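Trainee: Protein sequence lines correspond, in order, to chains A and B. Under my numbering, residues 3 to 419 are what the first sequence spells out, in order. Under my numbering, residues 1459 to 1546 are what the second sequence spells out, in order.
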Amino acid sequence: MPNRYSAWSLLRGALAGHRNWQGAWREATPKPRYDVIVVGGGGHGLATAYYLAKNHRVTNVAVLERGWIGGGNTGRNTTIVRSNYLYPESARLYDFSLKLYEGLSRDLNYNIMLSQRALVMLAHSRHDLDSMARWANAMRMNGIDADLLSLEEVRSRVPGLDTSSGARIPVLGGFTQRRAGTARHDAVAWGYARAASALGVDIIQNCEVRGFLKEGGRVCGVQTSLGDIRAERVGIAAAGHSSVLAELAGLRLPVTSYALQALVSEPLKPLLDTVVLSPGTGGYLSQSDKGELVIGAMLDLFPSYAQRGSFAVTQQILASILALFPAYARLKMLRQWAGIVDVVHDSSPIIGRTPVPGLFINCGWGTGGFKGIPVGGYTLAHVLATGEDHPLAEPFQLERFISGRLIDEAAASGIAH
Amino acid sequence: MMQIPCIYCGPRDESEFVCGGTAHLTRPPLESDDRQWAEYLFFRENPKGAHLERWRHAYGCGQWFNLERDTVTHEIRAVYPITQAAPR
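#1: For H1509/B, return the contacting residues in chain A, with the cut-off set at a CB-CB distance below 7 Å.
#2: Give the residues of chain C in contact with P256/A, contact being defined as C-beta atoms less than 8 Å apart.
#3: Could you give the distance in angstroms between the alpha-carbon of G341/A and the alpha-carbon of G229/A?
#4: In the DSSP assignment, what residue or residues form a beta bridge with I409/A?
#5: Give a yes or no on whether the minimum CB-CB distance between I427/A and chain B is below 7 Å.
#6: Is R1493/B close to chain A? Criterion is C-beta to C-beta, closer than 7 Å.
#7: When you check each C-beta in the stretch 233-255 of chain A against every C-beta of chain B, which residues fall closer than 8 Å?
#8: If you count every other CB in all the chains shown that lies within 10 Å of the CB of P1545/B, and 16 or more means buried, which is it?
#9: Report yes if the C-beta distance between G366/A and I352/A is below 7 Å; otherwise report no.
#10: So is R212/A buried or exposed if we call it buried at 16+ other beta carbons inside 10 Å?
#11: Are the CB atoms of L386/A and V41/A nearer to each other than 7 Å?
#12: Report yes if the CB atom of L333/A is closer than 7 Å to the CB atom of S267/A, and no otherwise.
#13: Which residues, in order along the stretch 307-330 of chain A, keep a beta-carbon less than 7 Å from a beta-carbon of chain B?
#14: The alpha helix (DSSP H) with Q1521/B in it runs from where to where?
#15: If contact means a Cβ-Cβ distance below 7 Å, which residues of the stretch 333-359 of chain A contact chain B?
#16: With distance defined between alpha-carbon atoms, name the residue in V358/A, L88/A and A51/A nearest to G202/A.
#17: Under a Cβ-count criterion, where at least 16 other Cβ atoms within 10 Å of its own Cβ denotes burial, should M300/A be classed as buried or exposed?
#18: Measure how close the beta-carbons of G45/A and G72/A come, nearest whole angstrom, since I'm counting them as under 8 Å.
#19: Could you name the residues of the same chain whose beta carbon sits closer than 7 Å to that of K56/A, not counting the 5 residues immediately before and after it, in chain order?
#20: Mind listing the chain B neighbours of I404/A? Cutoff is C-beta to C-beta under 7 Å, in chain order.
#21: Can you tell me whether L1488/B is buried or exposed? The criterion is at least 16 other CB atoms within 10 Å of its CB, across all chains shown.
#22: How big is the Cα-Cα spacing for Q289/A and L273/A?
#23: In the DSSP output, which residue or residues are listed as bridge partners for F362/A?
#24: Within the 7 Å Cβ cut-off, does S259/A reach chain B?
#25: List the endpoints of the continuous beta strand (DSSP E) containing I205/A.
#26: If I follow the unbroken beta strand (DSSP E) through K216/A, where does it start and stop?
#27: Can you pull the chain A residues whose beta carbon is under 9 Å from the beta carbon of V1530/B, in chain order?
#28: At least one CB of chain A closer than 7 Å to the CB of E1472/B: is that the case?
#29: Where D97/A and S85/A are concerned, what is the direct C-alpha to C-alpha distance, given to the nearest angstrom?
#30: Taking C-alpha atoms, which residue in S127/A, I114/A and R94/A lies nearest to A191/A?
#31: Flag C1467/B as yes if its beta-carbon sits less than 7 Å from any beta-carbon of chain A, otherwise no.
#32: Quickly, what does DSSP pair W1513/B with across the bridge? List them, please.
#33: What residues of chain A sit near E1477/B, judged by a beta carbon separation below 8 Å?
#34: Quick check: what's the CA-CA separation for S350/A versus Q263/A?
#35: What does the alpha-carbon distance come out to for the pair I1534/B and F403/A?
#36: Taking 6 Å as the line, does the beta carbon of L1525/B fall inside it for any heavy atom of the ligand SAM?
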């Protein structure tokens, strides 16, 4: 890799006044033909390109991005990584992703600032305690770390949480996954882009896919705002816009797009060193390295492609965060936004072939796409390179909606749909 | 906040309503195969733009009605009774 990052290169940069740093990835103009085109330059698309090159030696690859890389949901999530899912298929998939995250900074030679600060899920009722006991046990059965927390343990783990007897929203206990945490979202996109580019992948920004080229019913390329580009195989990794692209290929998906919103506060001194989720109120928060509280909300429960989120949900989420943490009452919010998420009925992803030959898809991550970036890219790259489903992705085929073999992770996805 | 014009009560805040998803889906015949059932149950057009959808005034009159709403701008272009045919 050109310009390997290290303490030495940082020192050299410092001595030169930081004037000699080069772009992290090459500017590329589209070639007329590629082996594989990946549509969508978010985390999943960039990871797909990286693993195509690294694991399968397929380097004649282009990633086409309508805007700028990492500017969609990769830049709009709450940066949480975790693998606290219920069923064996999901546990395998998401834990593989978390394990890739654990080694990613080294693998990419790019600091993704993974911080395994643990996640604390709050139980607000006896029913929550029972279902979390079941949930944590299921995780342990699947070989994933999980521990139930008493009220006393929650208190010591989450400072500022109102656990008094007069609390508006009572807290009875909870559970934790200690390996969960946060990662720097931009760094994940940029790190994958840099590593993929170094292996020969063309990353083409400001290139909108407007249609698919077909020969005898088989997809053989894409029509773009920069002209036609041909490819042996095309993969879509476009999250909330999957249906729009699928329609261009004459395909319908079991996906509905919703806006999922988040907010950040003004920066504060360190006050919260874990990720807190309150499934009962739909709110979750963590503190970024800059000191901002990053607050995630529930979905706007109507179909939407508007990347802003409704005020009704903003109001509701802030009310519940303040009920949980009364001390935050004078905190000012700096920014609010939404990402368009691709929700399917069983809240599990779709990774693999489509009924259109030559066209492959990675979608359906819904409200939890960021944590799935490494495994989403890894498994889509596998099917694009080999034509065979990766064993981890076998249960997550589009076909399951017809066979009825759904993997219903609605509860573990963390956000009510 | 979106103002939704309930055909019975007039415009109210979106927080009084529940969206019931895409309108005008018709149940296929009982002898349909798995693929047709899947199309009916799960597969959706999910348009970016005009969408015909069902809403219920849950914290008001409790009645169902249909909207034509833009999924990007959230502009409401038509409101009509749930028994009425699609406006286009």
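From the three backbone atoms N, C-alpha and C, an ideal C-beta is built for every residue, glycine too. The structure displayed is predicted, hence computed values, not measured ones.
Mentor: According to the structure data:
#1: P305
#2: The chain labelled as chain C is not found among the protein chains of the depicted structure, namely A and B.
#3: 28 Å
#4: Paired residue(s): none; I409/A is not in a bridge.
#5: Only positions 3 to 419 of chain A appear in the structure, and residue 427/A is not among them; the question remains open.
#6: yes
#7: H243, S245, V246, E249, R254 and L255
#8: exposed
#9: yes
#10: exposed
#11: no
#12: yes
#13: Y307, A308, S312, F313 and A314
#14: Per DSSP, Q1521/B belongs to no alpha helix (DSSP H) and is neither H nor E.
#15: H347
#16: A51/A
#17: buried
#18: 7 Å
#19: L201
#20: D1492, R1493 and A1496
#21: exposed
#22: 8 Å
#23: G237/A and R355/A
#24: yes
#25: D204 to I206
#26: V211 to E217
#27: S306, Y307 and A308
#28: yes
#29: 5 Å
#30: I114/A
#31: no
#32: C1477/B and F1523/B
#33: One point to set straight first is that residue 1477/B is Cys, not Glu, in the sequence displayed. Simply L303, F304 and P305.
#34: 20 Å
#35: 32 Å
#36: The ligand SAM is not part of this structure, which contains no ligands at all.
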